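**Student:** Have a look at the structure that comes next, please.
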Amino acid sequence: MTTLDKPTETAATIELPKLNSGATGFFDDLEALKLSQEEMGIQGANEILTRIPVRKPQKHEYFRVRPGDENCFTAVLYEDRETREYYFVAPKMLPLLRAVTDVSVATLVPFITKQKVVGIFPLKLSGDATAQGGWQTTAMRAAHLAKTQWIRIQADMGLSGYRIYAAEGQLGEPKWPAEPFNELLDLAFKDRVISNQDHPMFNKILGRI
0 MTTLDKPTET AATIELPKLN SGATGFFDDL EALKLSQEEM GIQGANEILT
50 RIPVRKPQKH EYFRVRPGDE NCFTAVLYED RETREYYFVA PKMLPLLRAV
100 TDVSVATLVP FITKQKVVGI FPLKLSGDAT AQGGWQTTAM RAAHLAKTQW
150 IRIQADMGLS GYRIYAAEGQ LGEPKWPAEP FNELLDLAFK DRVISNQDHP
200 MFNKILGRI
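Under numbering that gives the first Met the number 0, the residues of the sequence shown are numbered 0 to 208, in order.
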């Protein structure tokens, strides 16, 4: 047999992975690519709270308020007008602060938004209990309603108060953090408790720094 008579050798055929019927790309069958929570290493994971804002819920946020007398506390607060941050005033510092600046009395309640943001809602009380303004009254009403349903509030200057809107859908019950109220307050007012005359905010109010 001559060289020309030898059979031609062919390259080994490379087999491509078989795709599902009708599939043309890697991501066409997403169900086959899904991982379980255990495989992703997040099964049973719980969020660790590191910061809790002290503020009223924003106008676009549907929120709930945690019910129960153990989840509210009336205190004196100082509001920094520059940063819009609230400071907790210790009882022994109240006479000194009232002598040099304005403070407010507020009932603190925990709230949670539909986006699972946990915060402390300062419900300000009027200085004269017999003449509560529309802002205080409507905020209190909103917080009361939010104990049983999802609502949002929007300021209305013409009304001199907040308009209250209830969610139309069934948003389910909120999942509250496991931390008790006192621990939420610790996080909310971290470094912002005016408990002595050495506190930086007290020195700032007096013009020392």
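Ideal placement from N, C-alpha and C gives every residue a C-beta, glycine not left out. Since the structure is predicted, the reported quantities are computational estimates derived from the model, not experimental observations.
Can you tell me which of the three DSSP states arginine 54 falls into?
**Tutor:** For this step, residue 54 is matched to residue 55 along the sequence shown. Coil, per DSSP.
**Student:** Here's the rule I'm using: 16 or more other beta-carbon atoms within 10 Å means buried, otherwise exposed. How should lysine 58 be labelled?
**Tutor:** Here residue 58 refers to the residue found at position 59 of the sequence shown. So lysine 58 ends up on the exposed side.
**Student:** Return the CA-CA distance between arginine 50 and alanine 187, expressed in angstroms with no decimal places.
**Tutor:** Position 51 of the sequence shown holds residue 50. Position 188 of the sequence shown holds residue 187. The alpha-carbon atoms of arginine 50 and alanine 187 are separated by roughly 6 Å.
**Student:** Taking the alpha-carbon of phenylalanine 180 as reference, which of Met139, Glu78, Val117 and Ala154 has the nearest alpha-carbon?
**Tutor:** As a working mapping, residue 180 is identified with position 181 in the sequence shown. Taking only the C-alpha atoms, the option nearest phenylalanine 180 is Val117.
**Student:** Take glutamine 153 and list the residues in its own chain whose beta-carbon comes closer than 8 Å to its own, dropping the five residues that flank it on each side.
**Tutor:** The count along the sequence shown starts at 1 and reaches residue 153 at position 154. So the qualifying residues of the chain are Lys58, Tyr161, Arg162 and Tyr164.
**Student:** Which stretch, first to last residue, makes up the beta strand (DSSP E) that contains glutamine 135?
**Tutor:** Residue mapping note: residue 135 aligns to position 136 of the sequence shown, counting from 1. Taken as a continuous stretch (DSSP letters only), glutamine 135 belongs to no beta strand (DSSP E), being part of the alpha helix (DSSP H) at 133 to 144.
**Student:** Measure the alpha-carbon distance for alanine 130 versus histidine 198 and round it to whole angstroms.
**Tutor:** For the purposes of this step, residue 130 is identified with residue 131 of the sequence shown, where counting begins at 1. For the purposes of this step, residue 198 is identified with residue 199 of the sequence shown, where counting begins at 1. Note that alanine 130 scores a pLDDT of 43, beneath 50, so its modelled location is shaky; the value from the coordinates is reported in the next line. Going from the Cα of alanine 130 to the Cα of histidine 198 covers about 34 Å.
**Student:** Check whether the Cβ atoms of valine 108 and phenylalanine 120 sit closer than 8 Å, and answer yes or no.
**Tutor:** In the sequence shown, counting from the first residue as 1, residue 108 sits at position 109. In the sequence shown, counting from the first residue as 1, residue 120 sits at position 121. It is a contact, given that the beta carbons lie within the stated cut-off.
**Student:** Pull up the CB-CB distance for phenylalanine 87 and alanine 74, whole angstroms please, since I reckon it's below 8 Å.
**Tutor:** Residue 87 sits at position 88 when you count from the first residue of the sequence shown. Residue 74 sits at position 75 when you count from the first residue of the sequence shown. That belief holds up - the Cβ atoms of phenylalanine 87 and alanine 74 are roughly 6 Å apart, short of 8 Å.
**Student:** Mind reading off the beta-carbon distance from glutamate 60 to lysine 113? Whole number of angstroms is fine, and I expect it under 8 Å.
**Tutor:** In the sequence shown, residue 60 corresponds to position 61, counting from 1. In the sequence shown, residue 113 corresponds to position 114, counting from 1. Indeed, because the Cβ distance is near 7 Å, the residues count as touching under 8 Å.
**Student:** With DSSP as the reference, please indicate the residues paired to leucine 124 in a beta bridge.
**Tutor:** Counted from its first residue, the sequence shown places residue 124 at position 125. According to DSSP, leucine 124 bridges with Val104.
**Student:** Answer with buried or exposed for alanine 142, where buried requires no fewer than 16 other C-beta atoms within 10 angstroms of its C-beta.
**Tutor:** Translated into the one-based positions of the sequence shown, residue 142 becomes position 143. Alanine 142 comes out buried.
**Student:** Could you please give me the residues that DSSP links to glutamate 210 through a beta bridge?
**Tutor:** The structure shown does not extend to residue 210, since the chain spans only 0 to 208, so no value can be given for it.
**Student:** Helix, strand or coil: how does DSSP classify phenylalanine 209 here?
**Tutor:** Given a span of 0 to 208 for the chain in the structure shown, any question on residue 209 remains unanswerable.
**Student:** Do you know whose CA, among Arg207, Lys174 and Arg191, lies nearest glutamate 46's CA?
**Tutor:** For this step, residue 46 is matched to residue 47 along the sequence shown. Of the listed residues, the one whose Cα sits closest to glutamate 46 is Lys174.
**Student:** Does arginine 162 come out as helix, strand or coil in the three-state DSSP assignment?
**Tutor:** Counted from its first residue, the sequence shown places residue 162 at position 163. Strand at arginine 162.
**Student:** Please state if the CB of isoleucine 193 and the CB of asparagine 202 are separated by a distance shorter than 8 Å.
**Tutor:** As a first step, residue 202 must be located in the sequence shown, where it is residue number 203. As a first step, residue 193 must be located in the sequence shown, where it is residue number 194. Contact: no.
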